[in-house]
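The next block holds one structure in the form of structure tokens; read it before the comments.
Numbering (my numbering), first residue to last: 81 to 410.
So this is what it looks like as structure tokens:
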């Protein structure tokens, strides 16, 4: 595991031990508390002798995402007992179910705006973040991004971002302030190696869009077939706790579309190792600019499938199309 991560996990274990010792002082002798204290002390001991993060059976490194999710893990996946494997699968199934419940409606309409997205995890859970939130003033907030890492740990961070932005939107603060608050909380509450690229936007009821791109791939603005990239204007959230961000403003005319995506789309490889790439994506959304958002997403998925031609999926895949239909369209 990354050597920079071990000191952070040590602090987590020390904090856990302190809480267990406080709990032990408040109750009579408790076998479960003693067992947990023993596990924490054993993990700290393994850190001291250099064996932390190695499987007790095969001595190979344990999967990093599992250690990040539970620093007391002692076995790699290959050495779990059948009962442990079943319990792990049950946990993954539950995590996937919870994550699906965090997604917005797949076909979203509000006050002249229409949005559609596709969300596809390469494993049981995903680190991609995709959200649509209706503000108190009728505005549509969209949040779209990619958390560093993979697996359960990344999905937990995705859920963390989801909770933060739903809370921040309800407060009604300016967009750049919202992203700065989210970045600070994310930085202060996660490991130093964790960050998230993010696009956060606010679309009002007149077609005006304010957008902040924190280190994410450039969203595409499609206007009558012409495609413009909206480049990043900030670092990913969580890199620095005091990072500041800026937002840019756009005006969409009737039929204009914003298209957002993760690298699971743009960096997909074909059988010869060639990348799908921005040029192909730009041409695709330009050619499908007359389609509604759902049609644009379907066209992109079909083109990606033809490009991959059966090659394995390398990463989580998420894309979203947001169109301004104008007043009088729900």
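Here a beta-carbon is modelled for each residue, glycine too, at the ideal position from N, C-alpha and C. Computed from a predicted model, the values in this text were never measured in an experiment.
From the DSSP output, read off the bridge partner residues of residue 187.
Stepping through the chain shown from its first residue, residue 187 is reached at position 107. Per DSSP, 196.
Cβ of residue 145 versus every heavy atom of the ligand GTP: is any distance shorter than 8 angstroms?
No copy of the ligand GTP appears in this structure; indeed no ligand is present at all.
Since I believe residue 338 is in contact with residue 402 (beta carbons under 8 angstroms), could you give me their beta-carbon distance rounded to a whole number of angstroms?
Taking the first residue of the chain shown as position 1, residue 402 is located at position 322. Taking the first residue of the chain shown as position 1, residue 338 is located at position 258. At roughly 4 angstroms, the Cβ-Cβ gap stays under 8 angstroms, so residue 402 and residue 338 are in contact.
Residue 291: which of 114, 132, 251, 340 sits nearest, CA to CA?
By 1-based counting over the chain shown, the position of residue 291 is 211. Answer by Cα proximity: 340.
Residue ranges of each beta strand (DSSP E) within the stretch 279–356, 3 or longer:
Taking only runs of at least 3 residues, the beta strand (DSSP E) segments lying wholly in the stretch 279–356 are 288–294, 300–303, 306–309, 328–331, 337–341.
With H, G and I counted as helix, E and B as strand and the rest as coil, what does DSSP make of residue 152?
To locate residue 152, count along the chain shown from 1; it is residue 72. DSSP places residue 152 in the coil class of the three-state scheme, outside both helix and strand.
Backbone CA spacing between residue 137 and residue 314 [nearest angstrom]
Counting from 1 along the chain shown, the entry for residue 137 is found at position 57. Counting from 1 along the chain shown, the entry for residue 314 is found at position 234. Near 45 angstroms, if we compare the C-alpha coordinates of residue 314 and residue 137.
Leaving aside the five residues before and after residue 176 along the sequence, list all residues of the same chain whose C-beta is less than 7 angstroms from its C-beta, in chain order.
Here residue 176 refers to the residue found at position 96 of the chain shown. Cβ within range, chain order: 204, 205.
Let me make sure I understand the geometry here. Which of 312, 231, 113, 183 has the alpha-carbon closest to that of residue 169?
Counting from 1 along the chain shown, the entry for residue 169 is found at position 89. Closest by alpha carbon: 231.
Opposing strand residues paired with residue 276 [DSSP bridges]
The sequence position of residue 276 within the chain shown is 196, counting from 1. In the DSSP secondary-structure assignment, residue 276 is bridged to 227, 317.
With respect to the alpha helix (DSSP H) encompassing residue 382, which residues constitute its N-terminal and C-terminal limits?
What you label residue 382 is simply residue 302 of the chain shown in a count that begins at 1. Where residue 382 is concerned, the enclosing alpha helix (DSSP H) starts and stops at 373–388.
Outcome for residue 282 when other beta-carbon atoms lying within 10 angstroms are tallied against a minimum of 16:
For the purposes of this step, residue 282 is identified with residue 202 of the chain shown, where counting begins at 1. Its Cβ being crowded by 16 or more others within 10 Å, residue 282 is buried.
Please go through the same chain and pick out, in chain order, the residues whose beta-carbon is closer than 7 angstroms to the beta-carbon of residue 334, but skip the five residues on each side of it.
The count along the chain shown starts at 1 and reaches residue 334 at position 254. So the list reads 404, 405, 406, once near-sequence residues are dropped.
Taking 8 angstroms as the limit between beta carbons, can you name the residues of its chain near residue 239, skipping five residues before and five after?
Taking the chain shown and counting its residues from 1, the one referred to as residue 239 is at position 159. Close CB contacts of residue 239 within its chain, under the 8 angstroms cut and outside five residues either way in sequence, are with 178, 179, 182 (chain order).
Considering only the alpha carbon of each residue, which of 280, 111, 120 lies closest to residue 99?
Against the chain shown, residue 99 aligns to sequence position 19. Closest by alpha carbon: 120.
Determine the contact status of residue 267 and residue 377, defining contact as a CB-CB distance below 9 angstroms.
Along the chain shown, read from residue 1 onward, the residue named residue 267 stands at position 187. Along the chain shown, read from residue 1 onward, the residue named residue 377 stands at position 297. Pairing residue 267 with residue 377 gives a Cβ-Cβ distance that is not under 9 angstroms.
By Cβ distance, which residues of its chain are closer than 7 angstroms to residue 255, with the 5 residues on each side in sequence left out?
Position 175 of the chain shown, counting from 1, holds the residue named residue 255. Closer than 7 angstroms at the Cβ level, and outside the excluded window around residue 255, lie 280, 282, 290, 292, 327.
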